[in-house]
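Input: a single structure, listed below in structure tokens.
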Amino acid sequence: METDSIVLSATERAMLAGDEGPGVQKAMEIVVALGRIYGAQQLVPVGSVQVAGVSYKNLGEAGLEFLAEWADQGARVRVPTTLNPAGMDLSRWQALGFDPAFADRQNAVIRAFSQMGVRTTCTCTPYLIGNRPGLGEHLAWAESSAVSFANSVIGARTNREGGPSALAAAITGRTAAYGLHLDQQRRATLQVEVRCSVRETSDYGALGYLVGRAAQNRVPFFRGLKVTAEEQLKALGAALAASGAVALYHVDGVTPEAVAGADVLASESEFMVIDSIAPGYSALSSARAGDESSEVRPHEGWGAPIDLVWIGCPHASLGEMERVATLLRGRKVRSALWITAAREVRQAAVEVGLVAALEACGAQVVADTCVVVAPMRELGFRSMATPSGKGAYYGPSHAGLAVHYGTLAACIESAVEGRWTPSN
Amino acid sequence: MDAIELRGRIIKGGRAHGVALVSMEPVGFFGGVDPDTGVVAEPAHPLAGICVSARVLVFPTGKGSTVGSYILYRLKKNGLAPAAIINAESEPIVAVGAIISDIPMVDRIDIACIHSGDWVEVEDERIRIVRNIERDP
Numbered sequence: 001m002e003t004d005s006i007v008l009s010a011t012e013r014a015m016l017a018g019d020e021g022p023g024v025q026k027a028m029e030i031v032v033a034l035g036r037i038y039g040a041q042q043l044v045p046v047g048s049v050q051v052a053g054v055s056y057k058n059l060g061e062a063g064l065e066f067l068a069e070w071a072d073q074g075a076r077v078r079v080p081t082t083l084n085p086a087g088m089d090l091s092r093w094q095a096l097g098f099d100p101a102f103a104d105r106q107n108a109v110i111r112a113f114s115q116m117g118v119r120t121t122c123t124c125t126p127y128l129i130g131n132r133p134g135l136g137e138h139l140a141w142a143e144s145s146a147v148s149f150a151n152s153v154i155g156a157r158t159n160r161e162g163g164p165s166a167l168a169a170a171i172t173g174r175t176a177a178y179g180l181h182l183d184q185q186r187r188a189t190l191q192v193e194v195r196c197s198v199r200e201t202s203d204y205g206a207l208g209y210l211v212g213r214a215a216q217n218r219v220p221f222f223r224g225l226k227v228t229a230e231e232q233l234k235a236l237g238a239a240l241a242a243s244g245a246v247a248l249y250h251v252d253g254v255t256p257e258a259v260a261g262a263d264v265l266a267s268e269s270e271f272m273v274i275d276s277i278a279p280g281y282s283a284l285s286s287a288r289a290g291d292e293s294s295e296v297r298p299h300e301g302w303g304a305p306i307d308l309v310w311i312g313c314p315h316a317s318l319g320e321m322e323r324v325a326t327l328l329r330g331r332k333v334r335s336a337l338w339i340t341a342a343r344e345v346r347q348a349a350v351e352v353g354l355v356a357a358l359e360a361c362g363a364q365v366v367a368d369t370c371v372v373v374a375p376m377r378e379l380g381f382r383s384m385a386t387p388s389g390k391g392a393y394y395g396p397s398h399a400g401l402a403v404h405y406g407t408l409a410a411c412i413e414s415a416v417e418g419r420w421t422p423s424n
Numbered sequence: 425m426d427a428i429e430l431r432g433r434i435i436k437g438g439r440a441h442g443v444a445l446v447s448m449e450p451v452g453f454f455g456g457v458d459p460d461t462g463v464v465a466e467p468a469h470p471l472a473g474i475c476v477s478a479r480v481l482v483f484p485t486g487k488g489s490t491v492g493s494y495i496l497y498r499l500k501k502n503g504l505a506p507a508a509i510i511n512a513e514s515e516p517i518v519a520v521g522a523i524i525s526d527i528p529m530v531d532r533i534d535i536a537c538i539h540s541g542d543w544v545e546v547e548d549e550r551i552r553i554v555r556n557i558e559r560d561p
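Chains as they are written, first to last, in our numbering: chain A, 1 to 424; chain B, 425 to 561.
Okay, structure coming up:
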């Protein structure tokens with residue numbers, strides 16, 4: 001007989017036996033099964049949870065039914081829990097043209113989460129709305145870009161959770177201690193020497209795309225990066241986690257586990273050199289990078305009309321919104337310009353007059369959702385420019401959009417022109 | 425009549441029985457199995473066109489999108505789920521799907537011991553295989 005690798009506490013055994021009801025029992029079954037699959041020896045308490053699988057577009061009726069049933073079985077979260085982007089702006093969906101039937105189902109999803117005690121702010125950047133975990137704190141976060149940020153930039157510890165497994169951790173307050181919860185799994189297994197200039201946020205996205213594709217699920221350690229803003233790391237990690245399954249990376253002298261003297265390298269690691277990020281720009285602009293089999297037409301090049309410019313993947317910080325407003329200089333946009341952000345960040349932007357300034361230029365500051373999880377084709381969009389590596393990667397496969405990838409300045413100029421007009 | 429008894433590792437406890445449907449290739453449920461018919465829909469799959477409903481579904485491991493967990497749930501709600509799932513080595517998507525759908529599941533089984541058409545009984549980590557019935561897969 002297979003001996004069980006996991007040792008559970010009395011409380012955990014009681015949850016598994018159903019003493020706290022069927023909802024908690026199901027959650028503990030998930031946590032324990034994943035622990036068995038990955039050879040964990042124990043469970044650890046988690047400080048917070050980020051749940052993915054929120055958009056009705058991805059969940060469908062099956063996912064909604066499942067969440068509603070779990071909530072009705074009495075499942076309630078025990079730790080602060082936030083949600084990934086939903087399929088629409090939960091308060092301004094009508095003005096943005098969303099279908100009322102879709103809105104009805106999306107709202108039902110949000111109600112199920114709310115019944116479980118989840119904070120129904122829908123963002124991929126919980127770390128921008130007050131949830132900054134501590135160094136070494138155990139978490140159960142889904143949303144690959146947030147997982148990457150928490151592990152790499154903050155030095156907290158989480159695996160890449162799925163929707164149900166993250167929710168199971170929230171309901172039990174625990175996750176199985178395997179993978180990135182363990183010291184030895186956090187060491188770098190791929191050394192990346194960067195020998196070219198990487199300055200713009202979109203440069204970091206292109207770099208992340210190239211390295212993620214090569215790294216798969218290894219842990220990269222970057223040398224040669226002169227990071228000047230947190231947004232650059234946010235863009236790097238999001239792209240690494242899109243083209244690869246990278247959940248943790250280190251940057252020499254920058255990220256908390258790669259500060260001077262730290263033992264950051266695994267005993268065996270491979271080595272790669274990045275001489276140019278241009279191949280990343282071109283792959284992300286091809287409109288086919290995310291899904292080779294997609295039917296989306298290829299990049300039409302300079303001067304092609306664009307329906308949408310998208311800023312805010314991962315969700316925009318206040319600083320990123322300020323830069324957009326500065327680049328617009330009061331000019332009107334010809335194509336749609338969406339800046340997606342957490343509701344709290346949008347509210348902060350309202351309070352400093354930034355939303356009014358952006359709206360006066362024809363931009364929309366959209367909360368709770370993003371282009372990857374909203375029904376974009378149903379809203380009439382076919383082509384998009386973005387400075388986000390992750391957004392460009394998923395645009396064709398998840399939103400059915402032809403993608404132009406460029407710097408923030410190039411994207412804003414293109415929004416004003418209504419055509420793809422990168423200046424260099 | 426041959427009966428073989430094997431022990432594996434519980435992923436989702438419970439009792440079930442049925443006729444085995446064996447794939448030596450991994451199975452992905454999202455896009456791989458139609459939740460409204462239970463039929464394997466992946467064109468080049470060895471089980472393409474075959475209905476998984478009420479069968480003891482045996483395959484090495486899962487694959488594909490995490491939405492696959494919800495496809496298993498949908499199959500269950502539609503009365504079209506497999507009776508039980510047996511894997512060589514389980515992965516999270518199918519494991520979570522089996523748990524949320526109350527489908528008994530066991531892994532760490534030498535799946536070469538099971539042939540399509542065998543009668544299989546699953547009780548927690550124990551499985552019993554009876555090979556006295558001639559059946560097509």
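Backbone N, C-alpha and C fix where the C-beta goes; we use that ideal spot for every residue, glycine too.
Remember, predicted model here, so these are calculated numbers, not experimental data.
Item	Value
Between the Cα of residue 354 of chain A and the Cα atoms of A:372, A:320, A:421, A:381, which residue gives the shortest distance?	A:320
When you check each C-beta in the region 425 to 449 of chain B against every C-beta of chain A, which residues fall closer than 9 Å?	431, 432, 433, 434, 435, 436, 437
With a threshold of 16 other CB atoms inside 10 Å of the CB of residue 12 of chain A, please say whether the residue is buried or exposed.	buried
Taking Cβ positions, are residue 201 of chain A and residue 387 of chain A nearer each other than 8 Å?	yes
Terminal residues of the continuous alpha helix (DSSP H) containing residue 171 of chain A?	163 to 172
With 8 Å set as the bound, which would you pick, yes or no: does the beta-carbon of residue 467 of chain B sit closer than that to a beta-carbon of chain A?	no
Three-state secondary structure (DSSP) at residue 441 of chain B?	strand
Do residue 428 of chain B and residue 549 of chain B count as a contact pair if the criterion is CB distance below 8 Å?	no
Quick one: does residue 505 of chain B have its CB under 8 Å from some CB of chain A?	no
In terms of alpha-carbon separation, which member of A:143, A:37, A:373, A:95 lies closest to residue 512 of chain B?	A:37
Distance, Cα to Cα, residue 350 of chain A vs residue 322 of chain A?	12 Å
Roughly how many angstroms lie between the CA atoms of residue 113 of chain A and residue 101 of chain A, to the nearest whole one?	19 Å
With a threshold of 8 Å on Cβ separation, who are the neighbours of residue 450 of chain B within its own chain once the five nearest residues in sequence on each side are excluded?	483, 484, 485, 486, 487
Check whether the region 186 to 196 of chain A touches the region 54 to 67 of chain A, counting contact only when three or more Cβ pairs, one atom from each stretch, lie closer than 8 Å.	no
Out of A:284, A:342, A:338, A:34, which one is the CA nearest neighbour of residue 519 of chain B?	A:34
For the alpha helix (DSSP H) holding residue 113 of chain A, just list the boundary residues, first then last.	100 to 115
Can you list, in chain order, the stretches of the beta strand (DSSP E) that have 3 or more residues and sit fully within the region 504 to 550 of chain B?	508 to 511, 529 to 531, 543 to 547
If I follow the unbroken beta strand (DSSP E) through residue 222 of chain A, where does it start and stop?	220 to 223
Short check: CB of residue 311 of chain A to CB of residue 274 of chain A, under 8 Å?	no
Any idea what DSSP makes of residue 146 of chain A, helix, strand or coil?	helix
Kindly identify the DSSP beta-bridge partner or partners of residue 70 of chain A.	Bridge partners of residue 70 of chain A: none, in fact.
Does DSSP classify residue 29 of chain A as helix, strand or coil?	helix
Contact check, residue 358 of chain A vs residue 324 of chain A under 8 Å by CB: the rounded distance?	7 Å
Note down the Cα distance separating residue 537 of chain B from residue 497 of chain B, rounded to an integer number of angstroms.	28 Å
Short of 8 Å in beta carbon distance, which residues of its chain neighbour residue 237 of chain A, apart from the five on each side in sequence? Order them along the chain.	145, 148, 149, 152, 153, 208, 246, 249
Hey, could you find the ends of the alpha helix (DSSP H) residue 411 of chain A is sitting in?	408 to 417
If we count the other Cβ atoms within 10 Å of its Cβ and call it buried at 16 or more, is residue 197 of chain A buried or exposed?	exposed
Just list the alpha helix (DSSP H) runs in the region 10 to 58 of chain A, keeping only unbroken ones of 4 residues or longer that don't cross its boundaries, in chain order.	10 to 17, 22 to 37
Are the C-beta atoms of residue 514 of chain B and some chain A residue less than 8 Å apart?	yes
Answer yes or no: do residue 182 of chain A and residue 155 of chain A have a C-beta to C-beta separation smaller than 8 Å?	no
Would you mind working out which of A:160, A:14, A:20 sits nearest residue 490 of chain B, comparing C-alpha positions?	A:160
What span of residues does the alpha helix (DSSP H) with residue 481 of chain B cover, start to end?	Note, residue 481 of chain B: premise wrong, no alpha helix (DSSP H); beta strand (DSSP E) at 480 to 483.
Pull out every residue of the region 28 to 52 of chain A whose Cβ sits closer than 9 Å to any Cβ of chain B, in chain order.	29, 30, 33, 34, 36, 37, 38, 52
Flag residue 459 of chain B as yes if its beta-carbon sits less than 8 Å from any beta-carbon of chain A, otherwise no.	yes
Step through the CB atoms of chain A and report whether any lies within less than 8 Å of the CB of residue 485 of chain B.	no
From the DSSP output, which residues share a beta bridge with residue 141 of chain A?	A:50
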